[in-house]
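Below is one structure, written out as structure tokens; the observations come after it.
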Amino acid sequence: MDAELIHHPALWLILGGIVMGFLRGAPRVLLSLSLPLAAAWLLWQIPEGIYGGVPFLEYSLDVLRVDRLGRLFALVFMLALFVGSVYAIRQRSRLEVPAAFVYGGAAVGAVLAGDLVTLFVFWELMAIGSTLVIWAGGREAYPAAMRYVMVHLFGGVVLMAGVTAHLVGGGSLRFEAMALDSIAHGLILAGFLINAGAFPFWSWLPDAYPRASWSGMVFLSAFTTKTAVYVLMRGFPGAEVLIPIGLLMAGYGLIYALIENTVRRVLAYAIINQVGFMIAGIGIGTELALNGVAAHAFAHIVYKALLLMAIGAVIVQTGKRDCTDLGGLARQMPVTTGFAIFGALAMSAPLTAGFITKSLVLQAAADAHLTWVWLAMMVIAAGVFLAAGLKVVVFVFFGESRDLDAEEAPPSQRWGMRLLALTSLAVGCYPPLLYDLLPYPLDYQPYTGSHVVFQLQLLLATAVAFFLLRDQLVRMLGSLIDIDWFYRTLGPRWVKLMVYGVSIEIREVVLVVMRGIANLLGSLRRHYGMRGVLARTWPSGSMVMWVALLLMMYLALFYLA
């Protein structure tokens with residue numbers, strides 16, 4: 004076993020999260036702020052390479068792989084943990100922040116995993132940690148958390164089936180790029196896409212994330228979907244099927260974000276939109292495209308968390324969550340309003356992180372002569388600025404005043420927003436800060452005159468379109484039926500119809516079958532339960548007697564034959 008494993012940052016983050024659950028007050032805050040920084044320092048001390056030597060069955064696990072791609076994702080995850088902890092200093096839940104560290108530590112472990120078994124272990128630990136973060140949102144969050152964990156456990160089963168079939172078929176345990184040439188690899192891809200929020204499993208994200216607390220969704224937005232983006236980059240770069248899958252996700256997220264009334268559900272749909280943008284970039288598969296996806300994952304974590312922090316502060320101050328219940332808060336919360344405006348601009352405006360990252364993916368599509376993909380991505384980039392940027396900022400902070408009693412966000416929340424805004428601004432003003440961390444060498448200049456002018460024209464046109472269509476958008480606000488309607492509403496109704504809404508004969512058949520199943524379960528419990536016949540303890544003497552009798556019968560039959 005390699006000695007470097009003792010420095011594995013994921014293990015320290017997870018262990019720290021567990022310890023944090025037993026601390027209160029200043030020690031807990033101090034640990035939550037220092038642990039991500041210490042983990043980042045540990046990661047920088049480990050040279051690039053693969054470390055393992057952990058025995059598992061007939062395999063040797065590569066528990067830790069440090070390279071440029073994994074290091075970038077791990078570092079931005081630690082940044083999210085640190086800034087999220089600053090923002091959540093006033094969080095009263097005893098569960099949320101410790102669970103977030105287990106969740107974030109598992110995400111770090113997944114992006115640093117060198118083999119499929121280690122990846123699967125951290126993958127499932129992420130599901131547990133994120134479910135606990137949602138649960139910390141209170142009683143109203145419990146049903147959504149249960150639906151969330153069921154979807155992710157199903158995704159884990161699909162992933163495990165694919166990994167098992169891959170290994171049985173003679174595949175390597177090491178997590179490397181795969182071709183979609185077998186059912187096993189198809190199952191692995193499906194398991195990854197479920198966590199990414201791809202069709203038809205995308206509804207878990209807007210269902211569960213907004214149910215978390217005012218600080219919980221900040222953590223949730225950073226890890227699960229971005230870990231899925233990472234594993235798709237690592238496992239299936241250039242898989243052309245990812246282009247239509249990603250564009251479908253992006254289009255779906257955009258349409259629902261335009262219509263949705265609940266502010267945090269708008270931002271949840273925008274997450275699906277931008278993850279779809281990244282998945283389409285992975286499908287392009289060139290080095291420029293993959294650099295762009297990695298860079299945009301970084302930028303998206305930063306600006307999305309900033310917007311969620313601003314909206315979280317609004318929820319804390321007003322208790323309102325819908326666009327139609329909010330408005331005119333700019334005078335009461337000017338600092339929060341400023342950060343929200345910056346978060347919206349950081350999606351794609353010059354001098355921000357979004358500008359220097361989206362352009363990489365768009366340029367990759369143009370270089371690959373994928374004109375229709377480039378056009379679709381341009382529409383996506385403009386649309387998400389309208390739906391998740393202008394719509395949220397205008398309706399919440401500059402819309403019609405609702406005479407809400409609100410105060411400015413407290414210092415800890417403002418510091419969380421300030422750190423993210425400074426990060427986006429620093430990267431946007433000096434792109435080498437991020438470009439030098441990307442997995443492939445990059446020679447790209449985002450600040451050309453034509454590019455800046457074109458982007459400003461696009462943003463201006465989007466803003467004009469928004470204000471021209473603003474009244475129509477207000478009338479459209481509401482909620483649309485999503486895929487989860489089939490298993491949350493249609494499924495229970497179908498069962499009730501089968502039991503109560505059909506003919507007496509069919510109902511009797513259903514009841515007979517149900518009674519038979521109940522009798523079978525009762526019989527199994529009587530015989531195999533804790534107090535069943537077969538669960539009793541038996542004297543060793545009687546066991547010896549039965550063995551001797553069976554042996555005598557066997558010998559008699561043997562000699563008579």
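Each residue of the sequence shown is one higher than the one before, starting from 4 at the first, in this note's numbering. C-beta: ideal position from N, C-alpha, C; glycine also.
- Here the segment 420 to 436 makes contact with the segment 329 to 346; the two share three or more CB pairs at distances below 8 Å.
- For Arg-68, the enclosing beta strand (DSSP E) has its first and last residue at 67 to 69.
- DSSP lists Pro-58 as the bridge partner or partners of Ser-63.
- Taken in chain order, the complete beta strand (DSSP E) segments of 3 or more residues contained in the segment 248 to 278 number zero; there are none.
- In the DSSP assignment, Cys-432 falls within the unbroken alpha helix (DSSP H) covering 414 to 432.
- DSSP places His-155 inside the alpha helix (DSSP H), whose first and last residues are 145 to 171.
- In its own chain, leaving out the 5 sequence neighbours on each side, no residue places its CB closer than 7 Å to the CB of Met-149.
- Phe-25 counts as exposed, since fewer than 16 other beta carbons sit within 10 angstroms of its beta carbon.
- Only exposed fits Thr-374, as fewer than 16 other CB atoms lie within 10 angstroms of its CB.
- For Leu-162 against Leu-170, the beta-carbon gap comes to about 13 Å, at or over 8 Å, which does not count as contact.
- Taking a C-beta distance under 7 Å as the contact criterion, Phe-388 and Ser-362 do not qualify as a contact pair.
- Check the Cα spacing between Ala-271 and each of Val-66, Pro-203, Ala-211, Gln-458: the tightest is with Ala-211.
- For Asp-474, the uninterrupted alpha helix (DSSP H) segment begins and ends at 473 to 479.
- By the beta-carbon neighbour count (other beta carbons within 10 angstroms, threshold 16), Gln-416 is buried.
- Glu-263 and Asn-276 have their alpha carbons spaced roughly 14 Å apart.
- Scanning its chain for C-beta atoms nearer than 6 Å, with the 5 sequence neighbours on each side dropped, one finds around Tyr-233 the residues Phe-76, Val-114, in chain order.
- The C-alpha of Val-397 is placed about 20 Å away from the C-alpha of Gly-256.
- Listed in chain order, the non-local C-beta contacts of Gly-241 below 6 Å within the same chain comprise Gly-288, local neighbours out to five positions each way being set aside.
- Around the CB of Met-479, fewer than 16 other CB atoms lie within 10 Å, so the residue is classed as exposed.
- The bridge partners DSSP lists for Arg-177 are Asp-118.
- If you draw a straight line from the Cα of Ile-344 to the Cα of Gly-392, it comes to about 8 Å.
- Pairwise C-beta distances place the segment 99 to 111 out of contact with the segment 464 to 477, as fewer than three of them are shorter than 8 Å.
- When secondary structure is reduced to three states using DSSP, Ile-53 falls in the strand class.
- Taking all protein chains shown into account, Ala-412 has 16 or more neighbouring C-beta atoms within 10 Å of its C-beta and is therefore buried.
- Judged by DSSP in its simplified three-state form, Asp-408 adopts coil rather than helix or strand.
- Linking Ser-63 to Val-166 through their CA atoms gives a straight-line distance of about 15 Å.
- Approximately 6 Å separates the beta-carbon atoms of Ser-35 and Val-100; this is inside 8 Å, confirming the contact.
- Taken atom to atom, the span from the alpha-carbon of Leu-332 to that of Leu-462 is near 24 Å.
- With contact defined as three or more Cβ pairs closer than 8 Å, the segment 433 to 447 and the segment 286 to 301 are in contact.
- In the three-state reduction of the DSSP assignment, Asp-439 falls in the coil class.
- Here Asp-325 carries a strand assignment [DSSP, helix/strand/coil].
- The beta carbon of Trp-207 sits closer than 6 Å to the beta carbons of Tyr-151, Val-154 from its chain, once the five residues preceding and following it are set aside; these are given in chain order.
- Of the candidates Ile-258, Thr-360, Val-455, Val-57, the residue whose Cα lies closest to the Cα of Thr-121 is Val-57.
- Residue environment for Leu-119: buried (at least 16 other C-beta atoms within 10 angstroms of its C-beta).
- Using a 10 angstroms sphere on the CB of Leu-223, the tally of other CB atoms reaches 16 or more, which defines it as buried.
- Counting other Cβ atoms within 10 Å of its Cβ, Gln-475 stays below 16 and is therefore classed as exposed.
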